[in-house]
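> One structure is given below, represented as structure tokens, and several questions about it will come after.
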Amino acid sequence: MDFFNESMIEVEHLKEAVRLTSGVDTDDVAFVALTLHKNGWLWTGDKKLITHLKAMGFDRIITTGDLYEKIK
């Protein structure tokens, strides 16, 4: 497991994460910002967040079910 200091995330990614999570859950800003910063995938099972992010055009999301299907 790697730990990541939030202060190392670029401001542009933080601003975009705030925009993407606005109106759904501000507690997820850091996770979305890190996903943007690392050009990675957001692993979440939060259906409300998933629906909101996809509606905002953010689709780099993976669920536990998705991962399970990939390793079957």
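Counting from 1, one number per residue, gives the positions in the sequence shown under the UniProt record's numbering.
Where a beta carbon is used, it is the ideal one built from N, C-alpha and C, also for glycine.
Would you call the stretch 30 to 47 and the stretch 1 to 11 in contact, with 3 or more CB pairs under 8 Å?
With the cut-off at 8 Å, the stretch 30 to 47 and the stretch 1 to 11 touch.
> From the DSSP output, which residues share a beta bridge with I9?
Its beta-bridge partners do not exist; DSSP assigns none.
> At a Cβ threshold of 9 Å, is H52 touching chain D?
Among the chains in the structure shown there is no chain D, since it carries only a single protein chain.
> So, are the CB atoms of V24 and L14 less than 9 Å apart?
Cβ distance not < 9 Å, so V24 and L14 don't count as in contact.
> Relative to the alpha-carbon of D66, which residue among M56, H52, L49, G45 has its alpha-carbon at the smallest distance?
Comparing Cα-Cα distances from D66 to each of M56, H52, L49, G45, the minimum goes to G45.
> Whole angstroms is fine: what's the gap from I62's alpha carbon to M56's?
Computed Cα separation, rounded: 16 Å.
> Within 10 Å of its beta-carbon, does T64 have 16 or more other beta-carbons around it, so buried, or fewer, so exposed?
By the neighbour-count rule (16 or more Cβ atoms within 10 Å), T64 is not buried but exposed.
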